[in-house]
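Trainee: Under my numbering, the first residue of the sequence shown is numbered 18, with each subsequent residue one higher.
Yeah, the Cβ is synthetic: ideal placement off N, Cα and C, and Gly gets one too.
One structure follows; several queries about it will come next.
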Amino acid sequence: MDKFDVIVVGLGTMGASATLQLALRGQRVLGFDAHHPPHSFGSHHGESRIIRKTYYEDPSYVPLIERSYELWSELEARAKARLMTRTGGLMIGHPESGLVSGALQSARQHELPHTILSKQAMHDRFPVFQLDADMVAVHEPDAGVLYPETCVQTFLDLAAARGAILQYGEAVRSWQATGDGVSVATERATYRAAKLVLAAGAWLGELAPALRSNLTIERQVVLHLQPREQTPLFRADKLPIFCLEEAGGDFFYGIPDLGNGLKVGRHYAGPKHTNVDTVDRTVHAGDVDIVRGYLTRRMPNANGPLLSSLVCLYTDTPDLHFALDRYPGYDNVILASVCSGHGFKFAPVVGEVIADLVDGKRPTFDLSLFAATRLLA
Ligand SMILES: Cc1cc2nc3c(=O)[nH]c(=O)nc-3n(C[C@H](O)[C@H](O)[C@H](O)COP(=O)(O)OP(=O)(O)OC[C@H]3O[C@@H](n4cnc5c(N)ncnc54)[C@H](O)[C@@H]3O)c2cc1C
């Protein structure tokens, strides 16, 4: 078989985006996925993902998310598809919480439009919440919802149209550096390329063993619920996406009703695994009770009949930042998919960064937070 410019392992969120960016730059790309994305075995299923700019996790994500917004818009125009709905966003908690103080730090440092809402202002504008007297919210107008299955499908369709060869249902078993590139062995054959992109999500540790002991797979449960009251207040034209941090650090988030009920999940605090195969994929009554507990306290009228539920996977680093870098010791191997449960919104810009790394260009962003060396055992 011919030698390719780049092989991409994993055609989920980050691999699909990288494949498109590489194909747009004229690279001869061969992509593999063990499944047929979009699918529900990894991290990109569930109908919706939050996108927001007031990044409480660290202000250095803001330039990346601003570029991502531009690229999502370009992608919508290129594909003539709707990938995003802007709803605005609410980061709710006590003023000293990491969520509120971090969101404000990002907003102020990067001069992002935002408003601080008191408990009373929240009650007046968004009466579905039941907050403590000293709770506040940072409201940002640009936040919204992405449609992940459509996004992944769009990346893949456009990449294929630009000549990328996409092999579905073909798992990569191993890879090795050769004198002039890499060779990649799948269950069917061995392929050669100059560069390799590892975007295997929750399976990355199997292909990047030097990082494995610092990667944790976290089981996450998400519910879609029918609000108890027949009211438009939970609809996407009335309710922004929201994140809420409780005094003890407990954190849950929600996505307004887009026609399939209000989506709610707990962020982090799920069971941790070192191997994807050991994750329990069934949603149990106890999982539902945890999420309903938040709603009883903070959004009682949302706590109606369960419409659907699912288990999805985070792949976490110890500091909960990404891994986006060359694989230590291999200049032509790039790691692209450890996103600690908050990566979807960045998919287009991650694809662009990967394409720059493949091209040998210096990325225009500060990626020091995402260095792979911090994850070596
Ligand atoms: C419940 C939940 C809610 C989330 N909410 C948000 C949110 O609101 N906003 C946000 O920005 N992010 C959110 N995220 C995080 C975001 O979805 C993930 O960070 C992102 O989807 C990870 O993309 P990925 O490419 O790493 O993984 P995936 O999209 O899972 O892709 C990995 C791919 O690699 C393939 N693969 C694995 N091993 C092999 C192999 N050996 N050979 C070939 N193929 C292989 C898999 O089949 C898979 O298709 C959420 C995640 C979850 C689980």
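Exposed or buried, what is R69 when buried is set at 16 or more other beta-carbons lying within 10 Å of its beta-carbon?
Mentor: Flag for R69 reads buried.
Trainee: Quick check on the DSSP output: the alpha helix (DSSP H) that includes Q170 runs from which residue to which?
Mentor: Q170 -> alpha helix (DSSP H) spans P165 to A178.
Trainee: Kindly indicate the opening and closing residues of the beta strand (DSSP E) around G48.
Mentor: Unbroken beta strand (DSSP E) run through G48: V46 to D50.
Trainee: Report buried or exposed for Q137, applying the criterion of at least 16 other Cβ atoms within 10 angstroms of its Cβ.
Mentor: Classification of Q137: exposed, given that the 10 Å Cβ count is below 16.
Trainee: Run the proximity test for K362: is its beta-carbon closer than 7 Å to any non-hydrogen atom belonging to ligand 1?
Mentor: K362: yes, Cβ under 7 Å from ligand 1.
Trainee: Applying the criterion that 16 or more other CB atoms from any shown protein chain within 10 Å of the CB defines a buried residue, is P249 buried or exposed?
Mentor: So P249 counts as exposed.
Trainee: Going by other Cβ atoms of all chains shown within 10 Å of its Cβ, with 16 needed for buried, is D336 buried or exposed?
Mentor: The residue in question, D336, is exposed, as its Cβ has fewer than 16 Cβ neighbours within 10 Å.
Trainee: Quick one: is S114 buried, meaning 16 or more other Cβ sit within 10 Å of its Cβ, or exposed?
Mentor: Label assigned to S114: buried.
Trainee: Which value, in whole angstroms, describes the spacing of the CA atoms of E204 and W192?
Mentor: Distance between the alpha carbons of E204 and W192 is about 12 Å.
Trainee: When you compare only the Cα positions, how much space is there between H301 and T132?
Mentor: If I take the Cα positions, the gap works out to 39 Å.
Trainee: Mind checking S34: buried by the 16 CB within 10 Å criterion, or exposed?
Mentor: With 16 or more other Cβ atoms within 10 Å, it is buried.
Trainee: Nearest by alpha-carbon distance to Y164: which of L116, N277 and L81 is it?
Mentor: Nearest option by C-alpha distance: N277.
Trainee: Hey, would you say the C-beta of Y331 is under 7 Å away from at least one heavy atom of ligand 1?
Mentor: At least one heavy atom of ligand 1 is nearer than 7 Å to the Cβ of Y331, so yes.
Trainee: When the Cα of V162 is compared with those of H290, G346, G271 and V375, which residue comes out closest?
Mentor: Nearest option by C-alpha distance: G271.
Trainee: When burial is assigned at 16 or more other CB atoms within 10 Å of the CB, is P406 buried or exposed?
Mentor: Not covered by the structure: residue 406. The range shown for the chain is 18 to 394.
Trainee: Between the alpha carbons of S357 and E235, how many angstroms are there, rounded?
Mentor: Looking at the two C-alpha atoms, the distance is approximately 9 Å.
Trainee: Is the CB-CB distance between S135 and Y73 below 8 Å?
Mentor: Cβ atoms of S135 and Y73: not closer than 8 Å.
Trainee: Whose C-beta lies closer than 7 Å to the C-beta of A154 among residues of the same chain, with five residues either side of it excluded?
Mentor: If we look at A154 and ignore the five residues flanking it on each side, its Cβ neighbours are L107, M108, I109, L134 and M139.
Trainee: Whose C-beta lies closer than 7 Å to the C-beta of T167 among residues of the same chain, with five residues either side of it excluded?
Mentor: Answer for T167: A98 and L100, listed in chain order.
Trainee: Starting from S325, trace the beta strand (DSSP E) both ways and give me its first and last residue.
Mentor: First-last of the beta strand (DSSP E) with S325: L323 to D333.
Trainee: Can you have a look at E87 and say buried or exposed, based on whether 16 or more other CB atoms are within 10 angstroms of its CB?
Mentor: Classification of E87: exposed, given that the 10 Å Cβ count is below 16.
Trainee: Among A210, N292 and V46, which residue has its Cα nearest to the Cα of L232?
Mentor: When each option's Cα is compared against that of L232, the closest is N292.
Trainee: May I have the straight-line CA-CA distance separating A178 from A194, to the nearest angstrom?
Mentor: When rounded, the distance between both Cα atoms is 29 Å.
Trainee: For V355, which of R343, K378, Y347 and N349 has the nearest alpha-carbon?
Mentor: For the residues R343, K378, Y347 and N349, the minimum Cα distance to V355 belongs to R343.
Trainee: Buried or exposed for L393, going by 16 or more other Cβ atoms inside 10 Å?
Mentor: That one is exposed.
Trainee: Using 8 Å as the cut-off, can you tell me whether the segment 47-64 makes contact with the segment 384-392, which would need three or more C-beta pairs spanning the two stretches below that distance?
Mentor: Too few Cβ pairs lie closer than 8 Å, so no.
Trainee: Which term fits Q247, buried or exposed, when burial requires 16 or more other beta carbons within 10 angstroms of its beta carbon?
Mentor: By the 10 Å Cβ count, Q247 comes out exposed.
Trainee: Give the DSSP-derived three-state secondary structure of T36 in the structure shown.
Mentor: Here T36 sits in helix by DSSP.
Trainee: Rounded to whole angstroms, what is the Cα-Cα separation between R298 and L327?
Mentor: When rounded, the distance between both Cα atoms is 8 Å.
Trainee: Run the CB neighbour count on T36, radius 10 Å, all protein chains shown included, and call it buried at 16 or more, exposed below.
Mentor: The residue in question, T36, is buried, as its Cβ has 16 or more Cβ neighbours within 10 Å.
Trainee: Thinking just about the alpha-carbon of each residue, which of G180, G377 and I24 is nearest to the one in V201?
Mentor: Checked all of G180, G377 and I24; the closest Cα to V201 is I24.
Trainee: Quickly, what does DSSP pair D348 with across the bridge? List them, please.
Mentor: In the DSSP output, where bridge partners are listed per residue, D348 has none listed.
Trainee: Should V239 and G48 be called a contact, given that it needs their Cβ atoms to be closer than 8 Å?
Mentor: No.
Trainee: Quick check: Q38 and E369, are their CB atoms within less than 8 Å of each other?
Mentor: For Q38 and E369, yes; Cβs fall inside 8 Å.
Trainee: Below 8 Å between beta carbons: does that hold for V199 and L224?
Mentor: No. Outside cutoff.
Trainee: Just curious, the beta strand (DSSP E) that D22 is in, first and last residue?
Mentor: Taken as a continuous stretch (DSSP letters only), the beta strand (DSSP E) holding D22 covers K20 to V26.
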